[in-house]
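A.B. asks: As numbered in the numbering used here, residues 123 to 357 make up the sequence shown, in order.
Idealized CB from N, CA, C, for every residue including glycine.
Predicted model, so just to flag it, every value in this text is computed and none were measured.
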Amino acid sequence: MMRLDKYLSHAGYGTRTQVKALIKKGLVSVNEIVIYKDDKKIDETLDEIIVDGEKSDYQKFIYIMLHKPDGVISSNYDPYHKTTKDLIPLYDHYKTFPVGRLDIDTEGLLILTNDGLLAHQLLSPKYHVDKTYYVEFSGDFKQIYFELFKTGITIDDGYLCMPSKIELIDTNKAYLTIKEGKFHQVKRMFLALDMTVTYLRRVTFGPIKLDESLKKGSHRLLTESEINLLKVAVK
């Protein structure tokens, strides 16, 4: 059960003050009964809520795929740079947050949600959810590096990364799949082998692939199938 004013605010009809005004004007009905009290308790999953003549559909959790561009911070606030939140203003009322982070100069797949439990599970080392990146780099890739990525690379602070998989697709281009998300991890792994990442784009997160039809900076909601795939990945 939920207060009517809280429900309307979460559903995107405005601030608590604004939705209280809607209710006071008699523009909100519950199960065909006009309600004038903002503290009316409702069942958000069963009751029919009509706001100014239109049915309101409640959605507790939301899951968004964003094609993050270069120059954008994976955050809900930054005083100097555009953030991922700035790219999805229509969903502000859902109070979403990015599932993990991509560096400011890293592009590609970023999932945003307000489902805290699923986000925690997807990022937990317990579940080892794979993330695949397309990498362009400078430096010489030696044959022995395949085995080093496979067994685990020690980065600059002495941390031994979990085993990863690298697929070389050109002299200085590769796909790298990791199971963690340490700060600048991909860049630091390459740097530990005297190579420098010059371009980085995440192309998969667990079972979800970046929708190539999404232009940089654009987004779409995950499908029910994609949401279920993420939930299965952490079972």
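#1: Inspect the beta-carbon positions of residue 230 and residue 245 and report whether they are closer than 9 Å.
#2: Just confirm the distance between the C-beta atoms of residue 195 and residue 234, as a whole number of angstroms; I'd bet it's less than 8 Å.
#3: Among the residues of its own chain, which have a CB less than 7 Å from the CB of residue 316, if the five just before and after it don't count?
#4: Less than 8 Å between the CB atoms is what I'm expecting for residue 308 and residue 255, so what's the real figure, rounded?
#5: In terms of alpha-carbon separation, which member of 165, 172, 198 lies closest to residue 144?
#6: Identify, in the order they occur along the chain, each residue of the same chain with its Cβ nearer than 7 Å to the Cβ of residue 135, setting aside the five sequence neighbours on each side.
#7: State the Cα-Cα distance for the pair residue 237 and residue 264, rounded to the nearest angstrom.
#8: I believe residue 318 touches residue 327 by the beta-carbon criterion, under 8 Å. Please report the beta-carbon distance rounded to the nearest angstrom.
#9: Measuring straight from C-alpha to C-alpha, what distance separates residue 295 and residue 347?
#10: Which of the three DSSP states, helix, strand or coil, is assigned to residue 187?
#11: Taking Cβ positions, are residue 169 and residue 152 nearer each other than 9 Å?
#12: Please determine, among 139, 125, 184, the residue with the shortest C-alpha to C-alpha distance to residue 157.
#13: Taking the DSSP output, what are the residues bridged to residue 341?
#14: If you compare alpha carbons, which of 344, 283, 292, 214 is closest to residue 137?
#15: Assign residue 247 to one of three DSSP states: helix, strand, or coil.
#16: Taking C-alpha atoms, which residue in 279, 291, 272, 314 lies nearest to residue 300?
#17: Enumerate, from N- to C-terminal direction, the unbroken beta strand (DSSP E) stretches of 3 or more residues contained entirely within the stretch 168–229.
#18: Buried or exposed for residue 286, going by 16 or more other Cβ atoms inside 10 Å?
#19: If we ignore side chains and look at the alpha-carbon of each, how far apart do residue 343 and residue 220 end up?
#20: Please confirm if residue 146 has its CB atom under 9 Å from at least one CB of chain B.
#21: Give the DSSP-derived three-state secondary structure of residue 296 in the structure shown.
C.D. replies: For this structure:
#1: As a position in the sequence shown, residue 230 is number 108, starting the count at 1. As a position in the sequence shown, residue 245 is number 123, starting the count at 1. For residue 230 and residue 245, no; Cβs fall outside 9 Å.
#2: Here residue 195 refers to the residue found at position 73 of the sequence shown. Here residue 234 refers to the residue found at position 112 of the sequence shown. Going by Cβ atoms, the distance from residue 195 to residue 234 rounds to 13 Å, so no, they are not a contact pair.
#3: Against the sequence shown, residue 316 aligns to sequence position 194. Counting only Cβ-Cβ distances below 7 Å, and skipping sequence neighbours, we find 261.
#4: On the sequence shown, residue 308 is found 186 positions in, with the first residue counted as 1. On the sequence shown, residue 255 is found 133 positions in, with the first residue counted as 1. With 8 Å as the limit, residue 308 and residue 255 qualify as a contact, their Cβ atoms being about 6 Å apart.
#5: Along the sequence shown, read from residue 1 onward, the residue named residue 144 stands at position 22. That would be 172, whose Cα lies nearest to the Cα of residue 144.
#6: Along the sequence shown, read from residue 1 onward, the residue named residue 135 stands at position 13. The beta carbon of residue 135 sits closer than 7 Å to those of 141, 144, 173, all from its chain and outside the five residues before and after it, given in chain order.
#7: The sequence position of residue 237 within the sequence shown is 115, counting from 1. The sequence position of residue 264 within the sequence shown is 142, counting from 1. Going by the C-alpha atoms only, they are around 42 Å apart.
#8: Taking the sequence shown and counting its residues from 1, the one referred to as residue 318 is at position 196. Taking the sequence shown and counting its residues from 1, the one referred to as residue 327 is at position 205. 24 Å between Cβ atoms; not a contact.
#9: Residue numbering aside, residue 295 sits at position 173 when the sequence shown is read from its first letter. Residue numbering aside, residue 347 sits at position 225 when the sequence shown is read from its first letter. Approximately 31 Å, taken between the alpha carbons.
#10: Stepping through the sequence shown from its first residue, residue 187 is reached at position 65. Strand at residue 187.
#11: By 1-based counting over the sequence shown, the position of residue 169 is 47. By 1-based counting over the sequence shown, the position of residue 152 is 30. Yes, the pair counts as a contact, with Cβ atoms nearer than the cut-off.
#12: Taking the sequence shown and counting its residues from 1, one reaches residue 157 at position 35. Nearest option by C-alpha distance: 125.
#13: The count along the sequence shown starts at 1 and reaches residue 341 at position 219. Looking at the DSSP output, residue 341 bridges to 188.
#14: Residue mapping note: residue 137 aligns to position 15 of the sequence shown, counting from 1. When each option's Cα is compared against that of residue 137, the closest is 214.
#15: As a first step, residue 247 is located in the sequence shown; it is residue number 125 there, counting from the start. In the structure shown, residue 247 falls within a coil segment according to DSSP collapsed to helix, strand and coil.
#16: Taking the sequence shown and counting its residues from 1, one reaches residue 300 at position 178. Residue 272 is the option with its Cα nearest to residue 300.
#17: 171–173, 176–178, 185–190
#18: Numbered from 1 along the sequence shown, position 164 holds the residue referred to as residue 286. Under this definition residue 286 is a buried residue.
#19: Locating residue 343 in the sequence shown gives position 221, counting from the first residue. Locating residue 220 in the sequence shown gives position 98, counting from the first residue. Each residue's Cα considered, the two are about 14 Å apart.
#20: Of the protein chains in the structure, only one exists, and it is not chain B.
#21: To locate residue 296, count along the sequence shown from 1; it is residue 174. The answer is strand: DSSP assigns residue 296 an E or B state.
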